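Down below is the structure, laid out as structure tokens.
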Amino acid sequence: WPDERLQRVEKVYLKIIKSLSDFEQILLLVENNEVLSRVLKLFKAEGIDDKNVLIKVYPINDVWARDCGPIFVKDGNSFMITNWEYNAWGEKYPPWDSDNTIPEFISELFGIKKVSTKMVLEGGSIDVNGVGDLLTTESVLLNPNRNPGMSKDEIEHNLKNYLGVENIIWLKSGLAGDDTDGHIDDLTRFLNEETVLTMVCEDENDINYKALQENLAILQSATLKNGGKLNIETLPLPKTKIEGTTVDGSEFVPASYANFYVANGCVLVPLYDERYDQQALDLFKKYFPDREIIGIDCA
């Protein structure tokens, strides 16, 4: 919770925290004691019970815990942290030095063994099904602003070595306005071991149409580790063109239903566009029948 960057969307943050705290423990990092005091007041005002929220004061640069935080791997009943390097999506938004230390901090905080990879990788740039298959994009992992001088073969070797995957499905590029260079987490995600959700666009004049069609074709021809074909579910891309521009000058935002979060007893689904929101919620109810499906207004 870096205070000055969060005030415009803190109501959304509070809803996310309140929704998740019913199902799992949350670790919330706040950048200083002043922010801590303010957050606790907001919790009280929103009726959030903090018994399931562990709050730690820690110097942080930005809000993107999925990207800079630890990536966990599991062997039997034991967990380990894979500690990847983080450079704010190709050194776009300095400083990022504090965010790059978060995996080490969490490793020490909970006493979880870690292994350092020495390779730049954001959590949002990969998605896995837990049985050996991984999704990613060339526009991110092969971008020279991440790991210059590292070949595709070397990158694949590290993914397989540290994450235990055996089969990598490479999509091409991401959504317009995505300053990560095209993360997989707003394009295509696993819904189960053999099923993916991928975003599509039927308007041939849309800026994202060509890239999404290209990625869909790759998925249709892809093979899983077990030799089977993917079961592909699609959802229409919500409105991505905005009034004005983003902080980096784009007229487009990477709004996507693929940017969901699966928690222990619920699934948080981002909502953007009343034309398609219910369709998205129904899809998640189909694939996660034992979890509560919670929509989060991200428009």
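Residue numbers (our numbering): 345 to 643.
From the three backbone atoms N, C-alpha and C, an ideal C-beta is built for every residue, glycine too.
These numbers were taken from a predicted model, which means no experiment stands behind them.
In chain order, what residues of the same chain have a beta carbon less than 6 Å from the beta carbon of residue i, not counting five sequence neighbours either side?
i: residue 526; result: 481, 483, 484, 517 and 518
i: residue 446; result: 412 and 413
i: residue 564; result: none
i: residue 534; result: 471, 473 and 540
i: residue 489; result: 434
Out of the options, which has the shortest C-alpha to C-alpha gap to residue i?
i: residue 596; options: 428, 521 and 431; result: 521
i: residue 491; options: 558, 585, 435 and 566; result: 435
i: residue 416; options: 507, 358 and 392; result: 507
i: residue 598; options: 504, 476, 473 and 468; result: 468
i: residue 397; options: 383, 603, 537 and 560; result: 383
i: residue 553; options: 389, 534, 498 and 582; result: 582
i: residue 376; options: 536, 432 and 405; result: 405
i: residue 367; options: 610, 631 and 627; result: 610
i: residue 432; options: 424, 441 and 425; result: 441
i: residue 463; options: 451, 395, 494 and 479; result: 494
i: residue 642; options: 618, 381, 573 and 571; result: 618
i: residue 543; options: 496, 627 and 453; result: 627
i: residue 443; options: 451, 452 and 430; result: 430
i: residue 560; options: 570, 439, 353 and 545; result: 545
Specify, as a first and last residue, the run of the alpha helix (DSSP H) that residue i falls within.
i: residue 563; result: 553 to 565
i: residue 410; result: 409 to 412
i: residue 383; result: 377 to 390
i: residue 434; result: 432 to 435
i: residue 448; result: 446 to 454
Report yes if the C-beta distance between residue i and residue j is below 9 Å; otherwise report no.
i: residue 568; j: residue 601; result: no
i: residue 539; j: residue 575; result: yes
i: residue 421; j: residue 461; result: no
i: residue 408; j: residue 466; result: yes
i: residue 427; j: residue 458; result: yes
i: residue 363; j: residue 625; result: no
i: residue 606; j: residue 537; result: no
i: residue 509; j: residue 477; result: yes
i: residue 524; j: residue 479; result: no
i: residue 456; j: residue 425; result: yes
Determine which residues share a DSSP beta bridge with residue i and list them.
i: residue 639; result: 613
i: residue 460; result: 427
i: residue 397; result: 370
i: residue 511; result: 477
i: residue 357; result: DSSP lists no partner for residue 357.
i: residue 585; result: 596
i: residue 605; result: 612
Got a sec? Which residues, its chain only, sit under 7 Å from residue i by beta carbon, not counting five neighbours each side?
i: residue 379; result: 345 and 347
i: residue 449; result: 402
i: residue 603; result: 529, 530 and 614
i: residue 620; result: 579, 580 and 582
Just to confirm the assignment, what range does the beta strand (DSSP E) spanning residue i have?
i: residue 422; result: 422 to 429
i: residue 580; result: 575 to 580
i: residue 418; result: 415 to 419
i: residue 470; result: 470 to 472
i: residue 490; result: Residue 490 -> no beta strand (DSSP E), and no H or E assigned at all.
i: residue 627; result: Premise fails: residue 627 lies in the alpha helix (DSSP H), 621 to 631, not in any beta strand (DSSP E).
i: residue 544; result: 539 to 544
i: residue 533; result: 532 to 534
Is residue i near the ligand MG, with its Cβ less than 8 Å from a heavy atom?
i: residue 358; result: The ligand MG is not part of this structure, which contains no ligands at all.
Could you pull out every residue in the same chain whose Cβ sits closer than 8 Å to the Cβ of residue i, ignoring the five residues on either side in sequence?
i: residue 640; result: 356, 359, 360, 363, 612, 613, 614 and 615
i: residue 370; result: 361, 364, 396, 397 and 398
Check whether chain B comes within 9 Å of residue i, counting only Cβ atoms and requiring the distance to be less than that.
i: residue 388; result: Among the chains in the structure shown there is no chain B, since it carries only a single protein chain.
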